[in-house]
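Asks: Dumping the structure here so I can ask a few things about it.
Structural data, given as structure tokens:
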């Protein structure tokens, strides 16, 4: 009784200080994917040896429901509590598998408290389970918290805060923890419980935990030269892949990102990052990565806006990767384990699910924005190994030529000004990889997908 009265008094106090709003919704994503001759060796990536290299055909159905409570305290800032539940079940006709039948596994996908504009706009914060994708604009550091799922979920458990010094200068602080699949908030069938999230373990074997923290300082020199300076630490718990035990690691990362704006249409992007650390066996680790690119986007007033990009991404490799648990000089992608460059390589990287490392990648992108949720784009480029680590089975450094074509299209769009929400949109995607002499096979790989998404 006393607890109920206390909660009632607190709610009344909050209502007296500001306006409270509640909102909720749902979405449904349907995907149909075909792939064959996925690159890589058995033991890497998320496909088992019995599936790798063969034709794969599956459909994925992902329903989600969400709710949020918003409080505007007017002069004291805004607060939001957001939560989301996610499930995914599949139909896998070839090779036939019925492990993901409905109902499969409901996941607590998001649950966080957010505050913005506190102390006269000086402080923002977010605490709880939240999506990693696109965090701080550092795509080569943060992409996906749970990459083994293939975007069923993208969360990590995190606390983060932002201190605003001026209109263009701020300091972001974060701490992150990715749980293994034995200690999580999930409810499902006996078959569906505790599915692999990172793709590094799974089954009866505990997965890898990883955790870390860091700081990012962002500012702008003359409002035409935005830059970021960042320092982070990532810790990886020991884990098993098959019968092989991998020791824990600790890495410190120091890096910068500069995006000079040349004019209304042209900009550059320059990044540099260095890693040092050690593993559980007492071995020293060191690695580095760079990115340089030039971006163009038409500034025409027309709704049709062409764009183009040319980028070069380097990630160090190590010639002892095959015998020394990834090697002592191989790049650790931190939390950038996603599909920005390739959907195909989510399933085929040697070092783990979407574990991009040991690579020179030259990528040319072009496309045309046609309107809201309507665009066509393509990218193509060669990949080379930075070091011959023996993981590909071949005798060269040329990994191959990777190409992707994507078309995003709207079917029904909501009128936001009228408060409408219901939308239907989708995309078509085709990806082709022609392997080089780094691999032991010369069989081309492909990945095809159509997707529809409904928002309510």
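In this note's numbering, the protein residues as written are -8 to 447. The C-beta atom is built at its ideal place from N, Cα and C for all residues, glycine as well.
#1: Counting C-beta neighbours from all protein chains within 10 Å, is the total for residue 436 16 or more, i.e. buried, or is it exposed?
#2: So, helix, strand or coil for residue 103, using DSSP?
#3: Rounded to whole angstroms, what's the CA-CA distance from residue 195 to residue 319? Just pull it up for me.
#4: In whole angstroms, give me the CA-to-CA distance for residue 144 and residue 77.
#5: Between 428, 216, 365 and 356, which has its C-alpha nearest residue 372's C-alpha?
#6: In the structure shown, what three-state DSSP assignment does residue 19 receive?
#7: What did DSSP end up calling residue 38 once you bin it into helix, strand or coil?
#8: Could you tell me whether the Cβ atoms of residue 398 and residue 418 are closer together than 8 angstroms?
#9: Note down the Cα distance separating residue 447 from residue 75, rounded to an integer number of angstroms.
#10: What first and last residue would you give for the beta strand (DSSP E) that runs through residue 179?
#11: At the level of alpha carbons, what is the spacing between residue 301 and residue 94?
#12: Taking three-plus beta-carbon pairs below 8 angstroms as touching, is the segment 63 to 72 in contact with the segment 96 to 113?
#13: In whole angstroms, give me the CA-to-CA distance for residue 431 and residue 425.
#14: Would you identify the three-state DSSP class for residue 446, choosing helix, strand or coil?
#15: Can you say whether residue 382 is buried or exposed, counting buried as having 16 or more other CB atoms within 10 angstroms of its CB?
#16: By how many angstroms is the C-alpha of residue 137 removed from the C-alpha of residue 124?
#17: Please state if the CB of residue 215 and the CB of residue 252 are separated by a distance shorter than 8 angstroms.
#18: Are at least three pairs of beta-carbons, each pair with one atom in the segment 303 to 315 and one in the segment 396 to 416, less than 8 angstroms apart?
#19: Below 6 angstroms CB to CB, which residues in the same chain sit around residue 19 once its five sequence neighbours on both sides are set aside?
#20: Label residue 221 either buried or exposed according to how many other C-beta atoms from any shown protein chain fall within 10 Å of its C-beta, with 16 as the threshold for buried.
#21: Over what stretch of residues does the alpha helix (DSSP H) that includes residue 112 continue unbroken?
#22: Could you tell me the boundaries of the beta strand (DSSP E) in which residue 275 lies?
#23: According to DSSP, is residue 342 part of a helix, a strand, or is it coil?
#24: Please look up how many angstroms separate the CB atoms of residue 331 and residue 130, rounded, as I've assumed it's under 8 angstroms.
#25: With burial defined as no fewer than 16 other Cβ atoms inside 10 Å of the residue's Cβ, what is the status of residue 333: buried or exposed?
#26: So if DSSP puts residue 379 in a beta bridge, which residue, or which two residues, is it bridged to?
#27: If you run the structure through DSSP and keep just helix, strand and coil, what is residue 409?
#28: For the pair the segment 360 to 368 and the segment 335 to 347, tell me if three or more CB-CB distances fall below 8 angstroms.
#29: State yes or no: is the C-beta of residue 13 within less than 8 angstroms of the C-beta of residue 60?
#30: Indicate the three-state DSSP secondary structure (helix, strand or coil) for residue 387 in the structure shown.
#31: Looking only at its own chain, which residues have a Cβ that is under 6 angstroms from the Cβ of residue -8, when we skip the five neighbours before and after it?
#32: Taking buried to mean at least 16 other C-beta atoms within 10 Å of its own C-beta, is residue 422 buried or exposed?
#33: For the segment 308 to 374, list the beta strand (DSSP E) runs that are entirely contained and at least 3 residues long, ordered along the chain.
#34: Cβ atoms of residue 51 and residue 79: under 8 angstroms apart, would you say?
#35: Under 8 angstroms by Cβ, that's how I've got residue 103 and residue 114 pegged, so tell me the actual separation to the nearest angstrom.
#36: Taking only three categories from DSSP, how would you classify residue 136?
Replies: For this structure:
#1: For the purposes of this step, residue 436 is taken as residue 445 along the chain shown, with counting starting at 1. Buried.
#2: Counted from its first residue, the chain shown places residue 103 at position 112. The answer is strand: DSSP assigns residue 103 an E or B state.
#3: Here residue 195 is taken as the residue at index 204 of the chain shown, counted from 1. Here residue 319 is taken as the residue at index 328 of the chain shown, counted from 1. For residue 195, the predicted structure reports a pLDDT of 40, less than 50, and the residue's modelled location is therefore unreliable. The matter cannot be settled from this model.
#4: Looking up residue 144 in the chain shown gives position 153. Looking up residue 77 in the chain shown gives position 86. Near 8 angstroms, if we compare the C-alpha coordinates of residue 77 and residue 144.
#5: Counting from one through the chain shown, the residue named residue 372 turns up at place 381. For the residues 428, 216, 365 and 356, the minimum Cα distance to residue 372 belongs to 356.
#6: Translated into positions along the chain shown, residue 19 becomes position 28. Residue 19 falls in the strand class under three-state DSSP.
#7: As a position in the chain shown, residue 38 is number 47, starting the count at 1. Its pLDDT being 46, under 50, residue 38 is placed unreliably by the model, and the measurement read from it follows with that caveat. Coil, per DSSP.
#8: Position 407 of the chain shown, counted from the start, is the residue given in the question as residue 398. Position 427 of the chain shown, counted from the start, is the residue given in the question as residue 418. Yes, these two residues count as a Cβ contact at 8 angstroms.
#9: Residue mapping note: residue 447 aligns to position 456 of the chain shown, counting from 1. Residue mapping note: residue 75 aligns to position 84 of the chain shown, counting from 1. Residue 447 and residue 75: Cα-Cα distance of roughly 14 angstroms.
#10: For the purposes of this step, residue 179 is taken as the residue at position 188 of the chain shown. Its beta strand (DSSP E) spans residues 177 to 179.
#11: As a working mapping, residue 301 is identified with position 310 in the chain shown. As a working mapping, residue 94 is identified with position 103 in the chain shown. If you take the alpha carbons of residue 301 and residue 94, they lie about 44 angstroms apart.
#12: yes
#13: Looking up residue 431 in the chain shown gives position 440. Looking up residue 425 in the chain shown gives position 434. Residue 431 and residue 425: Cα-Cα distance of roughly 12 angstroms.
#14: Translated into the one-based positions of the chain shown, residue 446 becomes position 455. Residue state, collapsed to three classes: strand.
#15: As a first step, residue 382 is located in the chain shown; it is residue number 391 there, counting from the start. With 16 or more Cβ atoms within 10 Å of its Cβ, residue 382 is classed as buried.
#16: On the chain shown, position 133 is the one that residue 124 refers to. On the chain shown, position 146 is the one that residue 137 refers to. For residue 124 and residue 137, the distance between alpha carbons rounds to 10 angstroms.
#17: In the chain shown, counting from the first residue as 1, residue 252 sits at position 261. In the chain shown, counting from the first residue as 1, residue 215 sits at position 224. Yes, Cβ-Cβ distance for residue 252 and residue 215 is below 8 angstroms.
#18: Verdict: no, contact absent.
#19: Your numbering for residue 19 matches position 28 in the chain shown. So the qualifying residues of the chain are 54 and 445.
#20: Indexing the chain shown from 1 puts residue 221 at position 230. So residue 221 ends up on the buried side.
#21: Counted from its first residue, the chain shown places residue 112 at position 121. Run containing residue 112: 109 to 112, per the alpha helix (DSSP H) assignment.
#22: As a working note, residue 275 is residue 284 in the chain shown. Run containing residue 275: 275 to 288, per the beta strand (DSSP E) assignment.
#23: If you number the chain shown from 1, residue 342 lands on position 351. DSSP places residue 342 outside both helix and strand once states are collapsed to three, so it counts as coil.
#24: Numbered from 1 along the chain shown, position 340 holds the residue referred to as residue 331. Numbered from 1 along the chain shown, position 139 holds the residue referred to as residue 130. Sure, about 6 angstroms apart at Cβ, within 8 angstroms.
#25: One-based indexing of the chain shown puts residue 333 at position 342. Answer is buried; the Cβ neighbour count reaches 16.
#26: Numbered from 1 along the chain shown, position 388 holds the residue referred to as residue 379. DSSP, once it has assigned bridges, lists no residue as partnering residue 379.
#27: Taking the chain shown and counting its residues from 1, one reaches residue 409 at position 418. Of the three classes helix, strand and coil, the one that applies to residue 409 here is helix, per DSSP.
#28: no
#29: Along the chain shown, one-based indexing puts residue 13 at 22. Along the chain shown, one-based indexing puts residue 60 at 69. In this structure, residue 60 lies closer than 8 angstroms to residue 13 by Cβ.
#30: Residue mapping note: residue 387 aligns to position 396 of the chain shown, counting from 1. Residue state, collapsed to three classes: coil.
#31: Here the question's residue -8 lines up with position 1 in the chain shown. Because the pLDDT of residue -8 is 49, which lies under 50, any placement of that residue in the model is unreliable, and the number read from its coordinates should be weighed accordingly. Within the same chain, residue -8 has no close Cβ partners at all.
#32: Working through the chain shown from its first residue, we reach residue 422 at position 431. Residue 422 comes out buried.
#33: 350 to 362
#34: Sequence index remark: in the chain shown, residue 79 carries index 88 (1-based). Sequence index remark: in the chain shown, residue 51 carries index 60 (1-based). The answer is yes: Cβ separation under 8 angstroms.
#35: Sequence index remark: in the chain shown, residue 103 carries index 112 (1-based). Sequence index remark: in the chain shown, residue 114 carries index 123 (1-based). With 8 angstroms as the limit, residue 103 and residue 114 do not qualify as a contact, their Cβ atoms being about 16 angstroms apart.
#36: As a working mapping, residue 136 is identified with position 145 in the chain shown. Reduced to three states, the DSSP call for residue 136 is coil.
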